[in-house]
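Number of protein chains: 4
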Amino acid sequence: MLKVAIVGATGIVGQQAIVSLTNHPWFQITKLAASARSAGKPYAEALREANGASRWWCPQELPPEIAQLTVEEATAFDPTSVDLIFSTLDAGVAKELEPKWARTTPVISTASAFRYEEDTPILVGGVNMDHTALIKVQQERRGWKGFVVPKSNCTISGLVVSLKPVLTHFGVKQVIVTSLQAMSGAGRSPGLSAMDMTENVIPYIPGEEPKVESEPLKILGTFNGQGITNAPFGITATCTRVPVLDGHLVVVFAQTEKTCTPEEVKEVMLDFGADFCRLGLPSSPPQLIAVTDDPFRPQPRMDRDRGDGMTVTVGRLRKDPILENGLKYVCLAHNTKLGAAKGAVQTAEYLVKYYLKWL
Amino acid sequence: MLKVAIVGATGIVGQQAIVSLTNHPWFQITKLAASARSAGKPYAEALREANGASRWWCPQELPPEIAQLTVEEATAFDPTSVDLIFSTLDAGVAKELEPKWARTTPVISTASAFRYEEDTPILVGGVNMDHTALIKVQQERRGWKGFVVPKSNCTISGLVVSLKPVLTHFGVKQVIVTSLQAMSGAGRSPGLSAMDMTENVIPYIPGEEPKVESEPLKILGTFNGQGITNAPFGITATCTRVPVLDGHLVVVFAQTEKTCTPEEVKEVMLDFGADFCRLGLPSSPPQLIAVTDDPFRPQPRMDRDRGDGMTVTVGRLRKDPILENGLKYVCLAHNTKLGAAKGAVQTAEYLVKYYLKWL
Amino acid sequence: MLKVAIVGATGIVGQQAIVSLTNHPWFQITKLAASARSAGKPYAEALREANGASRWWCPQELPPEIAQLTVEEATAFDPTSVDLIFSTLDAGVAKELEPKWARTTPVISTASAFRYEEDTPILVGGVNMDHTALIKVQQERRGWKGFVVPKSNCTISGLVVSLKPVLTHFGVKQVIVTSLQAMSGAGRSPGLSAMDMTENVIPYIPGEEPKVESEPLKILGTFNGQGITNAPFGITATCTRVPVLDGHLVVVFAQTEKTCTPEEVKEVMLDFGADFCRLGLPSSPPQLIAVTDDPFRPQPRMDRDRGDGMTVTVGRLRKDPILENGLKYVCLAHNTKLGAAKGAVQTAEYLVKYYLKWL
Amino acid sequence: MLKVAIVGATGIVGQQAIVSLTNHPWFQITKLAASARSAGKPYAEALREANGASRWWCPQELPPEIAQLTVEEATAFDPTSVDLIFSTLDAGVAKELEPKWARTTPVISTASAFRYEEDTPILVGGVNMDHTALIKVQQERRGWKGFVVPKSNCTISGLVVSLKPVLTHFGVKQVIVTSLQAMSGAGRSPGLSAMDMTENVIPYIPGEEPKVESEPLKILGTFNGQGITNAPFGITATCTRVPVLDGHLVVVFAQTEKTCTPEEVKEVMLDFGADFCRLGLPSSPPQLIAVTDDPFRPQPRMDRDRGDGMTVTVGRLRKDPILENGLKYVCLAHNTKLGAAKGAVQTAEYLVKYYLKWL
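So the sequences go chain by chain: A, B, C and D. Under the working numbering, the very last position in the first sequence is 359; numbers go up by exactly one each time. Under the working numbering, the very last position in the second sequence is 718; numbers go up by exactly one each time. Under the working numbering, the very last position in the third sequence is 1077; numbers go up by exactly one each time. Under the working numbering, the very last position in the fourth sequence is 1436; numbers go up by exactly one each time.
Now the structure itself:
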């Protein structure tokens, strides 16, 4: 078993990482780290508020062996005490601490701090595993024995998975998306106000649209030996928040280079990622994309847990009535599983086996 | 006071028509009609279910003088007993009954039955009052002394109001919309299931997208003496249902003919409809469009009642990063006020004063 | 493997029975039956609506081998074709059909049709297994080789489980309860309207309070050789519906015969049912009652799935400030698992092993 | 017009006070005060967050003349600059500042700081206007020219209004309540988390039950010349939070001294407060209690705005099946109108006219 640490363990993404790693066949959580406020306390106690409430927010029960781990202070954490670090810190702290750890130890991060660095890939399971080669560039340029590999923004997980087979087979000219994003994406400290989110929609998510308009181009780009050449198309987005717990729904209007029918698109989507799934990584689903013919699906609450939260569900595939080579569909991905903690675990699984070759 | 009837009075739109007409300075409800099941009963009793529940669904109290009106059977209703009929029937029944009444009496309808007839205008307050001229064509062609004027689909109310000034000043080339529609649009008998709509989104509304892609082109078209020449651009739509009670939010990506800045668009939107508002119709708001600079607005729950549900709120006006002459914004309209019953009342007010010239 | 049928298979409780029986170690679903409308079609097709929607309402995927089973007509169902029947019919139909099947075959029913028959026990796992003896009375009196054993009303599942150890150790004098019930309890055809249940509470559930005030007295009563002598205390209830998907929360004010402290009550609750759990029935949880010290728990969404929906969570145990020997607490049970389909499966497991002795 | 100040003006209760005072016939807001952070800025600007969002949380538009008032610092506020002060501060700050202002100026407070002082009445419109006499005791004992009169806790508003006529006519022996409280009661900074309140119930509200168990006894008590003698009965409560925006629903099990029928109780409730309503205070409703026969009512969303939020709605009045002289009902009151800001305005109206005799 490889020893792993979760840094940022008291936050909601850290908690979800704990859930994603419970009973994992390769990884064992041996260290938890968080801010000074939590340091020195058993994890369960660090989550306990003055009024008796527990800030353990997952419906899954906190595993007793994790509950009693003593939380260390993130700034003083010794990266050599584990084989692998999952960092679920906020971007600011991540920018400072992750490079220190990466000198000796691989860091898989859900923070955005390193996403836009030229020598850093944003890996999405089954989509761009060839970008793994960029890690070596990062290690050489920075003199690191470890590395930092960040997760993509949670909103685009479903989008890039669904676009990849379209891009491969038909080319993509332009993509117009409206996202209907779940509330869990806004975190828990305190996250969104119930008074704002009850029977309401908020048509703006600060900082989100620029990420949605740029990250997919890097992820869907090509490794050029020293970096990534972005995919050659444009994305425009409006990102909204809807009263849904988990599961980001993205409404897509895409224009392809080549003409294609909805049936052809369905076929390439269903075929997509079969090789990657056959690797049998513990966190991989049986299929990367499910395509539903029920016109009322995908729905966040009904479809987000498909493939235990790692399968993207595409529905309403149809020809656009006015756009040239236009295609309309909606896609759904679980933002805190595929889009965050569990996606990070899957990335770690891939890197441990095929990049680090520790298994 | 003009005597008006509401036919379809027990349904939710009929109820909202009652609310919209309560204390109206020009119109007095003297007749209510509905299906055979309700006929012959006082209205309050017709709404009473076997288990004691009342099917009066509006938070406003049912006015006592309406509560005791005896409901007549719609199929036997005598149109000459009133000056004006508000029809809130389903499309099928409307198609059959509205023409009979129109022989003698003006009919304002929230049904879609006549929307696509060549000799029938779809009037939206302040947007296309010149289409009123088409009513004469309808009356002459059909030999009616009355007429049928239908309301537009509720989803497009906000869209056409917001597009009209853009079309006038800058021209429109193409419009791509995603709607996030409120649950009240699905009616109440029984309407949507709570089990489907709790922390969920349904990405499909049967029959909605074709309407959203075509009706605005007629409403924004030009009267050619015998009919309407559609506006010369294309619309593509994905319509979704979100867990919101009232207020349809529409996410718009528009391309204009002429280059324009968000500031210029804001200005023409704010100016739009000033003449119409100055007519002082009882159901008109002080302004047709409010443009908000708060990036988190419009929100359905916070903005739907602006102008007592008759003002469209536009927000997030910004330049599109990839579309040529591209403009992004969101707009919100109250689907059961501007988009249905109260909009119908406003149309009636306009026609009574400026077409029928009864006041 | 024992062959089982689900009758009422297209309804929501039938669907939950399918989920509860998926991968069951003892039972294999070999027959599905429903109304004439569904008969003759493969199950997945029987669930398909005209507009393409599927009425499969569970987030778990429909198992492919179940999807293709041909649905039989309930009224023509041959009970000898299976070893055991799960009936999830409405009470009216159940009253008529269940006795026919019981002539030859054991019937476990979620309907209320037989609950109040003198020769019929209402079995709740771990609470009153000695009532099993009443089945023989039923079989003899009615000349049945099979039997009918109904599930209790879903609301009282948590209540009777939590009251049993209190009754045993301290006696119960009086119980005053307010229930906050989940929407799934109202079914799905169509169930509650989203317009009624959005940010709202409905303070009445037709027919519920009399059940809550009487069924627990039978379940907590004693087998007297020929029937059940009711437990000797009174219950008064107000039942309300809250906007929660699953999980009935019951607020309890109880008065005991003997004085007891909250700590003593906690202890007897935690100990309760250990023997029953040790039987290791496939659907049994590790503990019947969990008692939480977090004052903000139990919460329906966070605690309903404890013990895979079969553990009752009790919280806020405290002394009442005014009632003599008064005890206050809240308890939560999963209404469609413990309180319905899965509870029925557990009852079947017990009866197959300890009454029928087939295993 | 009397000049009034709102101190705590940027908080949600302060905002609701602004709404309650808009277009008031007697009172004009001339001063706003808040914490140092807001001081010196125009009110609208003080509400503006760094990201452009406005913290004006009411659906009613902020009146322009209020928007431009410069906010003063609460700690430096000059009480002699106004005739009357509405204090919507938190209890801690209120305890310190309200006595300073009361030396010269009447203070109506929504804070709990003074509720339990012996010389301070908790006034509830129509329930205990005779307690007004206690103000003189307060003024004399403390040497104040002004006074502090606090509002009751929001949860009990509906309870005390509904209990008063029962107490008067039949006597009350014991009251057992479960509250289902709206989220707005938890404030807005940030208030409850949307992740906690989505399809969920929280069975605990810190500090609430002791208030619900004690305040009504003072309010329903009798003035004894120097203080209040508490009403001679006991209350026990469990307070829960439900996903409702506004409107606290309270489920009541009451035992009366004298036998009474539900019809008799209905009658005394309907009669209650007629004299008080006839005073015609601007914020008073036409009736204090509405009693509904629809068994599915009152519902928070449908009934909270009755009497513009100042009428209590009682429903489900019925005899208790087990409690001696037992009565069951539910009552609903608007927690931020009757239960907070608007109730405070009504109290001020009463005191200005009948205690201060300024009008």
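Using N, Cα and C, we set each Cβ at its ideal position, and we do this for glycine too. Fair warning: this is a prediction, and the values are worked out from it, not measured in the lab.
Within-9 Å CB hit, residue i to chain A
i	result
C/M1028	no
B/N512	no
B/I594	yes
Top-ranked residue by Cα proximity to residue i, from the options
i	options	result
A/L84	A/L69, A/A348, A/L123 and A/I66	A/A348
D/V1226	D/W1435, D/L1436, D/K1434 and D/Y1427	D/Y1427
D/G1085	D/A1271, D/W1435 and D/F1163	D/F1163
B/R600	B/G399, B/E568 and B/V520	B/E568
D/T1306	D/G1298, D/I1312 and D/R1265	D/G1298
B/G517	B/L715, B/L682 and B/G668	B/G668
A/S81	A/P63, A/P106 and A/A94	A/P106
A/Q138	A/D119, A/K145, A/S152 and A/T155	A/D119
B/K712	B/E623, B/L448 and B/F635	B/F635
C/G952	C/S932, C/Q944 and C/D964	C/S932
Three-state secondary structure (DSSP) of residue i
i	result
B/K362	strand
B/K687	strand
C/E981	helix
A/T155	coil
B/G674	strand
A/F296	coil
B/T599	strand
B/K696	coil
B/A541	coil
Identified DSSP bridge partners for residue i
i	result
D/R1125	D/S1131
A/V137	Answer is none; A/V137 lacks a bridge partner.
C/A751	C/V725 and C/E790
D/F1104	D/L1079
C/S805	C/V725 and C/S827
D/S1266	In DSSP, D/S1266 forms no bridge with anything.
A/I367	Given a span of 1 to 359 for chain A in the structure shown, any question on residue 367 of chain A remains unanswerable.
Proximity test, Cβ basis, 9 Å: residue i and chain B
i	result
A/F77	no
C/P961	yes
D/D1207	no
A/D320	yes
A/V166	no
Test: residue i CB closer than 9 Å to a CB of chain D
i	result
C/A922	Ala is not the amino acid found at residue 922 of chain C; the sequence shown has Tyr there. By this cut-off, C/Y922 is an interface position.
C/K1055	no
C-beta neighbour in chain C for residue i, strict 9 Å
i	result
A/F296	yes
A/S193	no
B/T599	no
D/F1330	yes
D/P1141	no
Residue i, enclosing beta strand (DSSP E) - first and last residue
i	result
D/L1326	H1325 to T1333
A/F77	Note, A/F77: premise wrong, no beta strand (DSSP E); not H, not E.
A/A111	First-last for A/A111: undefined, no H or E at that position.
C/P868	F865 to P868
Span of the alpha helix (DSSP H) around residue i
i	result
C/I920	Run containing C/I920: none; DSSP gives neither H nor E here.
Contacting positions in the region 1248-1267 of chain D - beta carbon closer than 7 Å to chain E: Absent from the structure is chain E; the protein chains it does hold are A, B, C and D.
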